[in-house]
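Numbered per my numbering, the sequence shown spans residues 1227 to 1565.
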Amino acid sequence: MKHRIALIGFGNVGQGLAEILLNKEKELKKEYGYEYSVVGISDVAWGTAYNPDGLDIPSLLADVKEKQKFSKDAKNWDSLKLIKESNANVVCELAFTNLETGDPAISHCKAAFETGKHVVTSNKGPAALAYRELKEAADKKGLKFLIEGTVMSGTPVINLMEGPLAGCTISAARGIVNGTTNYILTQMEGGMSYGDALKKAQELGYAEADPTGDVEGYDARGKVTILANVVMGTSLKISDVACQGITKITQEDIATAKAENCRWKLIGSVKKEGEKIIASVAPEKLPLTHPLAGVMGATNAITFSTDLLGDVSIVGPGAGRTQTGFSILTDLLHIHRNG
Ligand SMILES: NC(=O)c1ccc[n+]([C@@H]2O[C@H](COP(=O)([O-])OP(=O)(O)OC[C@H]3O[C@@H](n4cnc5c(N)ncnc54)[C@H](OP(=O)(O)O)[C@@H]3O)[C@@H](O)[C@H]2O)c1
């Protein structure tokens, strides 16, 4: 079957995915029997393009590079109309993250399920705020709701649980799930002030102009909520997760930790205590011998505590155009194999 893809949001991740699909088209067909056409793209900045037989992706990428609206197959449609009326069988929701209401992404996902389309997303909004509801809506129609890219971008976390670690009971997941704060802490340990480290993170594109979501721990809290609900099968709300960021850590704290052979890390944690699930985000002073203490710069890592294997850690990128584009590809291949 040739998969028909609609992309909602054509920013870093949407373009990263489009480039991967183009570059790997032959390999995907040869190795996995995966054939696709991108039939629709809708983005607030570039407009909507739709062609039921497949869009000319290089030409649309060229438009974006020139910072101009889509010039081929342009339609005066918004994203919801594209989702509802296109012949796509899978919608990739790659628009902006809203951790307060989840919209417009939650509405995009609902519209896709109502019209019989799978959803793949790297958007934390729907996954952190409405996972159960959306998964049920998908299940009812025999559709997939796949969210690998929402935690640690393309580094396998959700699929690790559902694939290789299926059969293990997970009692805890602890990790560094925000690259920006880990980068800032790493730079501070090298002697930079918090302000300079933040400025450097902004220059490198790790931190947004308004860094609140990262430095106050809110981004990590969204990811911890996803881990709690998807990996531990509970139904926590974001507000159930205690949250403290890194803004109160001083250079003095860093120096004291160093003298004690320790290092500060912003740790997202979810664990079972009896029947209860406890989740939090907070800075922790870890001994240098701790596996998470060696994770430096913008890299992410999670350690899962399992009954059959003991601790299993995965380390890898937590963001990036290609890395998050890959998370979408891996879920598209999942649909191809199991959809
Ligand atoms: N980049 C990463 O490394 C990374 C990693 C993990 C997860 N994610 C998540 O993946 C998603 C996409 O990230 P990104 O980096 O590609 O973001 P981005 O570069 O900001 O792109 C998002 C695009 O979606 C557009 N958009 C906003 N509302 C829309 C709507 N209602 N309909 C259609 N398009 C809409 C935006 O247009 P305007 O700019 O004009 O509003 C923008 O062009 C986000 O939810 C993000 O949190 C990203």
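All residues carry an ideal CB built from backbone N, CA and C; glycine is no exception.
C-alpha gap between residue i and residue j, whole angstroms
{"i": "Leu1535", "j": "Cys1394", "result": "8 Å"}
{"i": "Ile1410", "j": "Ala1423", "result": "5 Å"}
{"i": "Ala1354", "j": "Glu1374", "result": "13 Å"}
{"i": "Lys1474", "j": "Ala1485", "result": "19 Å"}
{"i": "Gly1471", "j": "Lys1426", "result": "18 Å"}
{"i": "Ile1309", "j": "Ala1337", "result": "7 Å"}
{"i": "Glu1478", "j": "Gly1421", "result": "14 Å"}
{"i": "Ala1446", "j": "Thr1438", "result": "12 Å"}
{"i": "Lys1293", "j": "Ala1483", "result": "47 Å"}
Supposed close pair residue i, residue j - CB separation, criterion 8 Å
{"i": "Ile1480", "j": "Met1414", "result": "5 Å"}
{"i": "Ser1419", "j": "Ala1468", "result": "At roughly 27 Å, the Cβ-Cβ gap does not stay under 8 Å, so Ser1419 and Ala1468 are not in contact."}
{"i": "Leu1173", "j": "Lys1491", "result": "Nothing about residue 1173 can be reported from this structure: the residues present for the chain run from 1227 to 1565 only."}
{"i": "Asn1408", "j": "Val1521", "result": "7 Å"}
Beta-carbon proximity of residue i to residue j, cut-off 7 Å
{"i": "Val1377", "j": "Ile1267", "result": "no"}
{"i": "Thr1550", "j": "Val1290", "result": "no"}
{"i": "Arg1547", "j": "Gly1235", "result": "no"}
{"i": "Tyr1276", "j": "Asp1299", "result": "yes"}
{"i": "Ser1397", "j": "Ser1539", "result": "no"}
{"i": "Gly1401", "j": "Phe1552", "result": "no"}
{"i": "Thr1525", "j": "Asp1537", "result": "no"}
{"i": "Leu1360", "j": "Gly1448", "result": "no"}
{"i": "Ala1321", "j": "Phe1339", "result": "no"}
{"i": "Trp1303", "j": "Thr1341", "result": "no"}
{"i": "Leu1372", "j": "Val1346", "result": "yes"}
{"i": "Thr1412", "j": "Ala1433", "result": "no"}
{"i": "Ile1503", "j": "Ala1435", "result": "no"}
{"i": "Pro1278", "j": "Val1265", "result": "yes"}
Cβ shell of residue i (< 8 Å), same chain only, five flanking positions each side left out
{"i": "Val1450", "result": "Val1403, Val1467, Gly1494, Ser1495, Val1496, Ala1505, Ser1506 and Val1507"}
{"i": "Cys1488", "result": "Lys1511, Leu1512, Pro1513, Leu1514 and Ala1519"}
{"i": "Ile1464", "result": "Leu1325, Ala1354, Leu1355, Arg1447, Gly1448 and Thr1451"}
Neighbourhood of residue i by C-beta distance below 7 Å, restricted to the same chain and skipping five residues each side
{"i": "Leu1559", "result": "Tyr1258 and Tyr1260"}
{"i": "Phe1272", "result": "The sequence as given places Trp at residue 1272; Phe does not occur at that position. Cβ neighbours of Trp1272 beyond the five flanking positions: Phe1236, Asp1289, Val1290, Lys1295 and Phe1296."}
{"i": "Gly1328", "result": "Gly1351, Pro1352, Leu1355 and Ala1356"}
Neighbourhood of residue i by C-beta, 6 Å cutoff - its chain only, sequence neighbours within 5 removed
{"i": "Met1387", "result": "Val1457"}
{"i": "Leu1555", "result": "Ile1246"}
{"i": "Lys1442", "result": "Looking at the sequence provided, one finds Glu at residue 1442 rather than Lys. Gly1471."}
{"i": "Asn1349", "result": "Glu1319, Thr1323 and Ala1331"}
**Message:** Does the contact criterion of 3 or more C-beta pairs under 8 Å hold for the stretch 1230 to 1246 versus the stretch 1298 to 1317?
**Reply:** yes
**Message:** Count Cβ pairs between the stretch 1280 to 1292 and the stretch 1324 to 1335 that sit closer than 8 Å; are there 3 or more?
**Reply:** no
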